[in-house]
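Numbering (full-length UniProt numbering), first residue to last: 1 to 571.
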Amino acid sequence: MPKSLPKFFFENQSIKEKTYYKMGGIARYFAEPQNIFQIQESLNWCQKNKLPCSVLGSGSNSVYSDEEFNGLVISLEKLSKWFWETDEYLFVEGGVTNTEIAEICMVANREGASWMFRMPGQMGASIRMNARCYGGEVSQIVKHVFTIDTQGILKTYAAEEVFQGYKSTLLMTKPEIVIGARLYFPKIKSSDKLLQHMLECEADRHKKKHFYLPSCGSTFKNNYQVGKPSGQVFDELGLKGFKVGNAEVSQFHANFVWNKGNASTTDMLTLTSKMREKAKKIANADLELEVQPVGLFSKKLFDDCGMRSLGPSYEGPQSKKWMGLLYFPNQLVAQILKDELSYPISIFESPFLEFAQIPFHGVPSIGVYINQLTSVEDAKKNPEKSFLEWKTYTTENPNKVFPISVEKSLENKNNKFIDELWKFSVSEIFFADIKNPKQNYFEFEMTPLGEWIAIEFDGIRKRSKRNLKIKENLWKGIHIEDSCISFHNDLEMRYVFGMKFPYSILKNIIDSDENTILIQCALSLGHSRYFLSPFWKHNEYIQEKKSGNVIENKVNPDFHQPEKYWKLKLI
Numbered sequence: 001m002p003k004s005l006p007k008f009f010f011e012n013q014s015i016k017e018k019t020y021y022k023m024g025g026i027a028r029y030f031a032e033p034q035n036i037f038q039i040q041e042s043l044n045w046c047q048k049n050k051l052p053c054s055v056l057g058s059g060s061n062s063v064y065s066d067e068e069f070n071g072l073v074i075s076l077e078k079l080s081k082w083f084w085e086t087d088e089y090l091f092v093e094g095g096v097t098n099t100e101i102a103e104i105c106m107v108a109n110r111e112g113a114s115w116m117f118r119m120p121g122q123m124g125a126s127i128r129m130n131a132r133c134y135g136g137e138v139s140q141i142v143k144h145v146f147t148i149d150t151q152g153i154l155k156t157y158a159a160e161e162v163f164q165g166y167k168s169t170l171l172m173t174k175p176e177i178v179i180g181a182r183l184y185f186p187k188i189k190s191s192d193k194l195l196q197h198m199l200e201c202e203a204d205r206h207k208k209k210h211f212y213l214p215s216c217g218s219t220f221k222n223n224y225q226v227g228k229p230s231g232q233v234f235d236e237l238g239l240k241g242f243k244v245g246n247a248e249v250s251q252f253h254a255n256f257v258w259n260k261g262n263a264s265t266t267d268m269l270t271l272t273s274k275m276r277e278k279a280k281k282i283a284n285a286d287l288e289l290e291v292q293p294v295g296l297f298s299k300k301l302f303d304d305c306g307m308r309s310l311g312p313s314y315e316g317p318q319s320k321k322w323m324g325l326l327y328f329p330n331q332l333v334a335q336i337l338k339d340e341l342s343y344p345i346s347i348f349e350s351p352f353l354e355f356a357q358i359p360f361h362g363v364p365s366i367g368v369y370i371n372q373l374t375s376v377e378d379a380k381k382n383p384e385k386s387f388l389e390w391k392t393y394t395t396e397n398p399n400k401v402f403p404i405s406v407e408k409s410l411e412n413k414n415n416k417f418i419d420e421l422w423k424f425s426v427s428e429i430f431f432a433d434i435k436n437p438k439q440n441y442f443e444f445e446m447t448p449l450g451e452w453i454a455i456e457f458d459g460i461r462k463r464s465k466r467n468l469k470i471k472e473n474l475w476k477g478i479h480i481e482d483s484c485i486s487f488h489n490d491l492e493m494r495y496v497f498g499m500k501f502p503y504s505i506l507k508n509i510i511d512s513d514e515n516t517i518l519i520q521c522a523l524s525l526g527h528s529r530y531f532l533s534p535f536w537k538h539n540e541y542i543q544e545k546k547s548g549n550v551i552e553n554k555v556n557p558d559f560h561q562p563e564k565y566w567k568l569k570l571i
């Protein structure tokens, strides 16, 4: 048993109390992270303690085993921040519900999400399965998807990389958590008309008794080769009202399975296995579960429900099977993956979000990534070779995004190393020592045209003695790459600029025990416009310690907070 738990962890949590279906056993450990930093901490904790891990949204499309989940369940319920970056772009965290998105767009007179009203679930899971109903589909409104993998690496995907057709996405086969998304709503429509459509969708759900009893909605996907919806297949087989224990096929929609009161997961899955068997034998319809089983299941249920096609499975005790996991401790697989690594590898890619998440102050066209160019072992042997690559990119003309350029009086073609570069539009990266972040960190700033500065600190905003006066020769081996055009995965044209750092520059702030380093990317674009990547979750209101009064949280942008930096794992 772990000696201590993070403050947002709970023990022996009943899963049925946390899920839409009201089924499932006990989670040995249960986490409710409020931000991506705590998600990363949860994932690291699982790996350190060699425990399996799963992710829970609202539990409207997953069914947990009756058995104890002897690992960690990560809930995304509190990952619920959202704000309009511009009039058309809405940033949402993975725990924002589908209904909330419909309501947000209705208030803003933005067309495109009214079909999501009263659709159970959160945005993260809806993206993962490309949820659809009433003529709408999640793929129609998503521009970018942001994830974190089991190694704690942040990733950014264009929508075209994720969505693969009917209820199918790249993320169904990847062990990653959808932590957020950038949604795109270019069309305006009156809130009255949007509300009318929302209420029509809700009325139809009530008519079909979607909310009559707990269920996960459609139990099976449609198989278009069959030529009819799965619900019609089951209806024609006369399965409405068919029961196993307290699980029953809905009297109103034959692809819904109700929990009629204290139904077990075994009841529900035994029932669905019989439905699947009858559809195959009598109607020659080979149907796949849409609901996702999670946890430990008997081999019989595993086979009878066709779980093998639903994703990776792992051997459990007594010939049982683990299903629906984000992470399973398997040293052999981990070693194989490590052996197959091919450098360069992406170890960080994330959007820039406005410092205080002020509505309509975003710049959705800018992002940042970090590549590791060689292994840590090779870098130690060749410390002067480029080790990490930091790149800022924009899909707009850099002159538009970075409007304040270096003054003519400061320009020097032979020397682009310029102090006080922060007075102009710059991209920045901070590196900090994970064991002593406030007394040992670096700051690098750069413009799209290649002007740059590097500063070493041995206290907050306190330059080290050798940096009291800036010296370019302290940073030998850094390669500066001015803005150039790049095509990302043949999908997106980007203007890219950045730096390459040798291991020799960074070695004194890399934790050699765990090969980790703290990083923070930032933008200072001028006119009081500041951005972070990854962003620190900002609370709009806070409670004063002395008076207890709730007041507006007025934020003074400050990038020099190394205790908040992101932990970057080097490989």
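Note that the Cβ used here is the ideal one computed from N, Cα and C, for glycine as well. Computed from a predicted model, the values in this text were never measured in an experiment.
Spatial distance of residue i from residue j (CA atoms)
{"i": "Ile141", "j": "Glu472", "result": "47 Å"}
{"i": "Asn556", "j": "Phe457", "result": "21 Å"}
{"i": "Asp433", "j": "Val406", "result": "31 Å"}
{"i": "Leu56", "j": "Ala125", "result": "9 Å"}
{"i": "Gln318", "j": "Lys299", "result": "9 Å"}
{"i": "Ala181", "j": "Phe83", "result": "11 Å"}
{"i": "Asn44", "j": "Leu570", "result": "14 Å"}
{"i": "Gly324", "j": "Gln292", "result": "7 Å"}
{"i": "Glu514", "j": "Glu176", "result": "22 Å"}
{"i": "Ser42", "j": "Asn436", "result": "22 Å"}
{"i": "Gly241", "j": "Met198", "result": "30 Å"}
{"i": "Ser58", "j": "Ile404", "result": "45 Å"}
{"i": "Val257", "j": "Glu200", "result": "24 Å"}
{"i": "Ala102", "j": "Ala254", "result": "27 Å"}
{"i": "Ala131", "j": "Arg118", "result": "13 Å"}
{"i": "Phe417", "j": "Ile510", "result": "25 Å"}
{"i": "residue 648", "j": "Lys438", "result": "There is no way to answer for residue 648, as the model of the chain reaches only from 1 to 571."}
{"i": "Gly316", "j": "Asn259", "result": "27 Å"}
{"i": "residue 583", "j": "Met268", "result": "Only positions 1 to 571 of the chain appear in this structure, which leaves residue 583 out of reach."}
Bridge-paired residues (DSSP) for residue i
{"i": "Ile519", "result": "Phe431, Trp566"}
{"i": "Glu445", "result": "Glu428, Ile453"}
{"i": "Asn35", "result": "For Asn35, which the question treats as bridged, DSSP gives no partner whatsoever."}
{"i": "Thr156", "result": "Phe146"}
{"i": "Phe220", "result": "Leu289"}
{"i": "Thr392", "result": "Val368, Phe497"}
{"i": "Ala247", "result": "Val244, Asn259"}
{"i": "His479", "result": "Lys500"}
{"i": "Thr19", "result": "Answer is none; Thr19 lacks a bridge partner."}
{"i": "Ala27", "result": "Gln13, Phe69"}
{"i": "Arg132", "result": "Glu137"}
{"i": "Lys118", "result": "Residue identity check: residue 118 is Arg in the sequence provided, not Lys. Arg118 is not bridged to any residue."}
Alpha helix (DSSP H) segment containing residue i, residue limits
{"i": "Thr270", "result": "265-283"}
{"i": "Arg205", "result": "191-207"}
{"i": "Ser126", "result": "123-129"}
{"i": "Ile509", "result": "Where Ile509 is concerned, there is no enclosing alpha helix (DSSP H), given that its DSSP letter is neither H nor E."}
Nearest candidate by alpha-carbon position, reference residue i, set the options
{"i": "Gln372", "options": "Pro364, Lys391, Phe355, Val363", "result": "Lys391"}
{"i": "Lys155", "options": "Gly165, Glu377, Ile480, Phe352", "result": "Phe352"}
{"i": "Val226", "options": "Leu287, Asp513, Ile148", "result": "Leu287"}
{"i": "Asn222", "options": "His197, Ser168, Ile179", "result": "Ser168"}
{"i": "Leu194", "options": "Asp303, Thr395, Pro383, Asn109", "result": "Asn109"}
{"i": "Asp87", "options": "Thr394, Lys564, Ile358", "result": "Ile358"}
{"i": "Gly295", "options": "Phe69, Phe30, Asn440", "result": "Phe69"}
{"i": "Pro562", "options": "Gly316, Ile485, Ser512, Glu443", "result": "Glu443"}
{"i": "Phe431", "options": "Glu236, Thr97, Ala522, Ser60", "result": "Ala522"}
{"i": "Lys143", "options": "Leu51, Tyr157, Phe417", "result": "Tyr157"}
{"i": "Glu160", "options": "Tyr393, Ala454, His488", "result": "His488"}
{"i": "Lys22", "options": "Cys46, Thr173, Glu85, Pro214", "result": "Pro214"}
{"i": "Ala31", "options": "Gln13, Leu271, Thr173", "result": "Gln13"}
{"i": "Val73", "options": "Lys81, Leu79, Ser80, Tyr64", "result": "Tyr64"}
{"i": "Ile188", "options": "Thr19, Tyr314, Leu171, Met106", "result": "Met106"}
Range of the contiguous beta strand (DSSP E) that encloses residue i
{"i": "Phe302", "result": "Unbroken run through Phe302 is the alpha helix (DSSP H), 299-304; no beta strand (DSSP E)."}
{"i": "Ala359", "result": "Note that residue 359 is Pro in the sequence shown, not Ala. That residue, Pro359, is in no beta strand (DSSP E); it is neither H nor E in DSSP."}
{"i": "Phe559", "result": "No beta strand (DSSP E) contains Phe559, which DSSP labels as neither H nor E."}
{"i": "Ile56", "result": "The question names Ile, yet the displayed sequence has Leu at residue 56. Residues 53-56."}
{"i": "Met106", "result": "Unbroken run through Met106 is the alpha helix (DSSP H), 98-107; no beta strand (DSSP E)."}
{"i": "Lys321", "result": "321-323"}
{"i": "Ala379", "result": "First-last for Ala379: 376-381, but that is the alpha helix (DSSP H), not the beta strand (DSSP E)."}
{"i": "Gly180", "result": "176-184"}
{"i": "Glu315", "result": "313-315"}
When the Cβ atoms of the segment 419-433 are set against those of the segment 489-496, are three or more pairs found closer than 8 Å? no
Is it true that the segment 362-377 meets the segment 457-466, where meeting means three or more beta-carbon pairs spaced less than 8 Å apart? no
Could you tell me whether the segment 526-540 touches the segment 5-17, using the rule of 3 or more Cβ pairs below 8 Å? no
Decide if the segment 202-209 is in contact with the segment 263-273; the criterion is three or more beta carbon pairs, one per stretch, under 8 Å apart. no
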